[in-house]
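A.B. asks: Residue numbers (our numbering): 549 to 1474.
1) In angstroms, rounded to a whole number, what distance separates the CA positions of residue 1003 and residue 1062?
2) From this set, 1317, 1316, 1320, 1278, which residue's C-alpha is nearest residue 1301's C-alpha?
3) Measure the alpha-carbon distance for residue 820 versus residue 663 and round it to whole angstroms.
4) Suppose you measure from the CA of residue 1457 to the CA of residue 626; what does that come to, to the nearest Å?
5) For residue 1350, count the other beta carbons within 10 Å of its own beta carbon; 16 or more makes it buried, fewer makes it exposed. Which is it?
6) Cβ of residue 952 within 9 Å of Cβ of residue 986?
7) Skipping 5 residues on each side, what residues in its chain have a beta carbon closer than 6 Å to that of residue 610?
8) Between residue 1477 and the rest of its own chain, which residues show a CB-CB distance below 6 Å, the 5 nearest in sequence each way excluded?
9) Could you work out which residue in 620, 1220, 777, 822 is closest to residue 1044 when comparing CA atoms only?
10) Would you mind stating whether residue 1160 and residue 1121 have Cβ atoms separated by less than 9 Å?
11) Please identify the residue among 1455, 1330, 646, 1270 whose C-alpha is closest to the C-alpha of residue 1380.
12) Go to residue 1162, then tell me how far its beta strand (DSSP E) extends in each direction, as first and last residue.
13) Grab me the residues of residue 1150's own chain with a C-beta within less than 8 Å of its C-beta, minus the 5 sequence neighbours each way, in chain order.
14) Figure out for me which residue from 1388, 1336, 1224 has the closest Cα to the Cα of residue 656.
15) Would you mind working out which of 1068, 1006, 1049, 1007 sits nearest residue 1025, comparing C-alpha positions?
16) Under a Cβ-count criterion, where at least 16 other Cβ atoms within 10 Å of its own Cβ denotes burial, should residue 565 be classed as buried or exposed?
17) Would you mind giving the Cβ-Cβ distance between residue 1107 and residue 997, rounded to the nearest angstrom? I have them listed as a contact below 8 Å.
18) Buried or exposed: where does residue 806 fall if 16 or more other Cβ atoms within 10 Å of its Cβ makes it buried?
19) Rounded to whole angstroms, what is the Cα-Cα separation between residue 1370 and residue 1130?
20) Tell me which residue opens and which closes the alpha helix (DSSP H) that residue 1108 is part of.
21) At what residues does the beta strand (DSSP E) containing residue 683 begin and finish?
22) Given this structure, state the Cα-to-Cα distance separating residue 644 from residue 1218, to the nearest angstrom.
23) If you check the beta carbons only, do residue 1137 and residue 1323 fall under 9 Å apart?
24) Take residue 1147 as the anchor and find which of 1316, 1103, 1114, 1088 has the nearest alpha-carbon.
25) Apart from the five residues just before and just after residue 700, which ones in its own chain have a Cβ nearer than 6 Å to its Cβ?
26) Measure the beta-carbon distance from residue 777 to residue 793 and round it to whole angstroms, keeping in mind my assumption that it falls under 8 Å.
27) From 1454, 728, 1416, 1315, pick the residue whose C-alpha is nearest to that of residue 1388; which is it?
28) Counting pairs of Cβ atoms below 8 Å between the region 959-978 and the region 931-948, do you hit three or more?
29) Under DSSP, the beta strand (DSSP E) around residue 1044 begins and ends at which residues?
30) Alpha carbon to alpha carbon, how far is residue 1396 from residue 1332? Give it in angstroms, no decimals.
31) Jot down the residue ranges of each uninterrupted beta strand (DSSP E) in the region 755-833, minimum 3 residues, whole runs only, in chain order.
32) For the structure I just gave you, are there three or more beta carbon pairs, one from the region 1411-1425 and one from the region 565-583, closer than 8 Å?
33) Does the Cβ of residue 1445 have 16 or more other Cβ atoms within 10 Å, making it buried, or fewer, making it exposed?
34) Would you call the region 883-896 and the region 851-860 in contact, with 3 or more CB pairs under 8 Å?
35) In whole angstroms, what is the alpha-carbon distance linking residue 977 and residue 1017?
36) Using only the alpha-carbon positions, how far apart do residue 586 and residue 574 sit?
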């Protein structure tokens, strides 16, 4: 789809004029003048660079007080909100226009994908098999790189609706004037409210933010996705018109379950997350049931209602009398409304029971035991309605059935994640409490596996005969008990997987299974067969761990007890691959190569052992953390590595970008689902004949790139001192962005102590975007003699072409002039010059290498829409970057007593706003 930039500019200009008027009214014309001075000045710098004039702008920034800088930053930040909204709305309109033309559709749409399937001779039976095995699972995580409040998101959602009306009304109409007024008022409200948090968020806030997207878009988007694919199936595969769609989509969450490095996530917060999930979805079901009760007003004096409906009402006789005690004849001739009233009461009782943690005895007698009972009641109604009113049977009623099949009572399956060494410490503590067990910490890996297996084989729930346990052990055991209780209360799908981060030994999977035994989550039957209620998923995230998969996986699969456990879990092993830490560890190219190779290794091992796998991709928003187009990334996975199922994390600002509005959410879910469909079909995933040559060349690229990357990040003395001074990473950890600490340990950050998200975030804000491209230029030039082969790879190998496309996009966001300005914050001049020389040299190599490979003279020549978007954004990002540099200087400037010298407004206030503004402008910073 090509974007008409003139139309887009006009829309952004209109919203910008409303913003300018709001700022003028509320903060004065001087604020508008200051913003305009910087805006026009830096636009002119982009057109005609002039060092003297740029220095005047920098000096002007330095002359402004913190309060003025706060207002200026807010002006640019909110403008980015409005611009992003305009782009999103425009793209939605473009897709809608294509939908109206049945012969056209966009790449990744259901219609286009199914047409391609037909063209590849995929028969109806094969298509049904593909959809039957399909499972697309986005998993929401609390890794925000924007400090955006839920209040702001609600205002922007309203603004999206108002601006949509503006774009589709006649400018001479009264309705258009009304829409203009509503839009202006909403922007006025946006300026007068605070778009960033004034306190550090609690885990509760993060859970709430994740739930926001269900109410804002997903509850509407999920049924639309099912409707859209059904329509495409009927059009393209009419033979499958009566095929009942399975629930191929479900959601997961880490928010409240991910305790790796976050001391604020406890068993109580995990419990809180589950209760909030259930409350959100069950309240929504009640809204839908009330709507249905207003719709299904059919009278049995006019239409024929099935006997099953009356039988179901009769089965709820005692409840029926209580619900209609005010008038037993109410809805007497409207059986659907009567049954829906009973269902509504039961759903309400179900929520009350869950919120009381099972203690509300009155609610218990009316509550549904599980979602299947609710579905049975809804299906009985639908089957009857279908006999006389197909439209209503296929309407909201079907939507609700699909929603319940997708979300159950749990809404999103909560994964539990903890770092492997934590479990080892807990197991060691438990071993120490039993006189008949050895010192666990002194055992070797094979001995650990033997002892853990021996204990897992024993029948019954293991007992602990002491209260003298560490706080860690108590917390872990309390978590396991809480998980067991909540599964019984809310449903078996309440929890997803137990993810073990930093997995490097087979014993670490057995440790978690043993800990589950203490809560009855894992058990051995009379035949000695092991089973577990939660699948245990190893997370391989460092380069070394990815390389060692071929040692770790066979070690656990060779354990007969563990193999037996998999047979009770659909013979499927879930495995998570970490993009963030592998990229931070060895650089972007070797990370991509090791992740690619790891998937092939996993597939080979799965075939050898006769098991299935579900890959869980821990992707972030930025390219260096696996970001980019979900559709292209999934479709470009190594051939044969997807078996119909995929889990992907949705992190940071990606959540807002994808799920803030219903139509965008439908589009993003569709793209993920069709990408998975393509990757699972051998008709799409055709191995190029030259693949061995391609892979061999990419392996050489990876080696060269890693060597260059490690020269800088591992072997340059003072590198992390430079990083901590020239980026806002120190300040990120102090700001109100997330509940999780930015560092694993206090002190000067290093590769091992720094988390992947602030690592990427810091470089992005300072416009280096270094993790996304450093080493690529050296790698490309190291195989210059094979450039023709690389061009062939780019044409015929989706994995390589997607990789290069993402690198080009991320690299284009780097701005060496801005990065140089940040580098002046490094106090050691010699260190600064040494590192900046290495960075600029590699930047030059990357620029020339990409353009040469792609046969172009400028970046993004083949991605004009993206190029245009980045071009106008840069001129608006420049003033924020220079303001942030000034604020960093102020924040770090100390007087002789060591106290930061502040004026009337704490510098932290505009500083957090500068981070927020840059994140909004760059869009995928972490």
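All residues carry an ideal CB built from backbone N, CA and C; glycine is no exception.
C.D. replies: Let's see:
1) Computed Cα separation, rounded: 8 Å.
2) Of the candidates 1317, 1316, 1320, 1278, the residue whose Cα lies closest to the Cα of residue 1301 is 1278.
3) Distance between the alpha carbons of residue 820 and residue 663: 45 Å.
4) The alpha-carbon atoms of residue 1457 and residue 626 are separated by roughly 16 Å.
5) It counts as buried.
6) Contact annotation: residue 952 and residue 986 have beta-carbon atoms that are not nearer than 9 Å.
7) So the qualifying residues of the chain are 1434.
8) Absent from the structure is residue 1477, since the part of the chain shown begins at 549 and ends at 1474.
9) If we check each option's Cα against that of residue 1044, 822 comes out closest.
10) A contact, by the Cβ cut-off of 9 Å.
11) Nearest to residue 1380 by C-alpha distance, out of 1455, 1330, 646, 1270, is 1270.
12) Membership of residue 1162 in the beta strand (DSSP E) is indicated by the continuous run 1160-1166.
13) The answer, listed in chain order, is 1097, 1101, 1123, 1161, 1163, 1189.
14) For residue 656, the nearest C-alpha among the options comes from 1224.
15) With distances taken between Cα atoms, residue 1025 lies closest to 1068.
16) Only exposed fits residue 565, as fewer than 16 other CB atoms lie within 10 angstroms of its CB.
17) Contact flag correct, Cβ pair sits at about 7 Å.
18) With 16 or more Cβ atoms within 10 Å of its Cβ, residue 806 is classed as buried.
19) Residue 1370 and residue 1130: Cα-Cα distance of roughly 26 Å.
20) First-last of the alpha helix (DSSP H) with residue 1108: 1108-1115.
21) Segment 683-688, the beta strand (DSSP E) holding residue 683.
22) Their Cα atoms are separated by approximately 14 Å.
23) The beta carbons of residue 1137 and residue 1323 sit closer together than 9 Å.
24) The shortest Cα separation from residue 1147 among 1316, 1103, 1114, 1088 belongs to 1088.
25) Only 743 meet the Cβ criterion.
26) Their Cβ separation, rounded to whole angstroms, is 7 Å, which keeps residue 777 and residue 793 in contact under 8 Å.
27) Ranking the options by Cα distance to residue 1388, first place goes to 1315.
28) Verdict: no, contact absent.
29) That run of the beta strand (DSSP E) goes 1043-1049.
30) Roughly 11 Å between the two C-alpha positions.
31) Within the region 755-833, no complete beta strand (DSSP E) segment of 3 residues or longer occurs.
32) Taking 8 Å as the limit for Cβ pairs, the verdict is that the region 565-583 does not touch the region 1411-1425.
33) Low per-residue confidence applies at residue 1445: pLDDT is 44, beneath 50, and the placement is therefore not dependable, though the value from the model is reported in the following sentence. Answer is exposed; the Cβ neighbour count stays below 16.
34) Flag = yes, the region 883-896 and the region 851-860 touch.
35) C-alpha separation (whole angstroms): 7 Å.
36) One C-alpha to the other measures close to 20 Å.
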